[in-house]
Each structure stands twice: as structure tokens, then as C-alpha cells.
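Notes for the one structure printed next.
Numbering (this note's numbering), first residue to last: 3 to 60.
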């Protein structure tokens, strides 16, 4: 689908996915001790992240 990212509906779908992933990361990081929250590395794996160029905007 990412190869069709010029399609407005596909773009919106991936944008929304990026927002949801970001919010979930913030929630997960919130469970870390406060002194460990200053810098948290995030590793993204899986085939969905082949679409990172359209997800990252969300």
C-alpha cells in the first residue's frame, strides 16, 4: 500500500497509524522510572516499517 502513498486515503491511513504508534510509545515510556525517560531508544521492526516514509508524518 505504501507504494500508493499519493492516494489521499492511503496517506490518511498511514498518518493515523503513525499517530497511534507514537501515542502507544509515549504510554509505554511513561511506565519507565522518571530518571530513564530522558532518552529512550525505539527499535522498529517488521514489514509495516517498510512504509516508514509515510508513517513518520503521523
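Glycine is no exception: its CB is placed at the ideal position from the N, C-alpha and C atoms.
Could you check the C-alpha separation between residue 12 and residue 18 for me, to the nearest Å? Along the chain shown, one-based indexing puts residue 12 at 10. Along the chain shown, one-based indexing puts residue 18 at 16. Residue 18 has its alpha-carbon roughly 10 Å from the corresponding atom of residue 12.
Taking Cβ to Cβ, would you say residue 57 is nearer than 8 Å to residue 16? Start at 1 with the first residue of the chain shown, and residue 57 comes out as number 55. Start at 1 with the first residue of the chain shown, and residue 16 comes out as number 14. Yes, the Cβ-Cβ distance between residue 57 and residue 16 is below 8 Å.
Cβ atoms of residue 34 and residue 42: under 8 Å apart, would you say? Counting from one through the chain shown, the residue named residue 42 turns up at place 40. Counting from one through the chain shown, the residue named residue 34 turns up at place 32. By the CB criterion at 8 Å, residue 42 and residue 34 fall inside the cutoff.
State the Cα-Cα distance for the pair residue 30 and residue 55, rounded to the nearest angstrom. If you number the chain shown from 1, residue 30 lands on position 28. If you number the chain shown from 1, residue 55 lands on position 53. Near 23 Å, if we compare the C-alpha coordinates of residue 55 and residue 30.
Member of 10, 9, 20 whose CA lies at the smallest distance from the CA of residue 52: On the chain shown, position 50 is the one that residue 52 refers to. The option with the nearest alpha carbon to residue 52 is 20.
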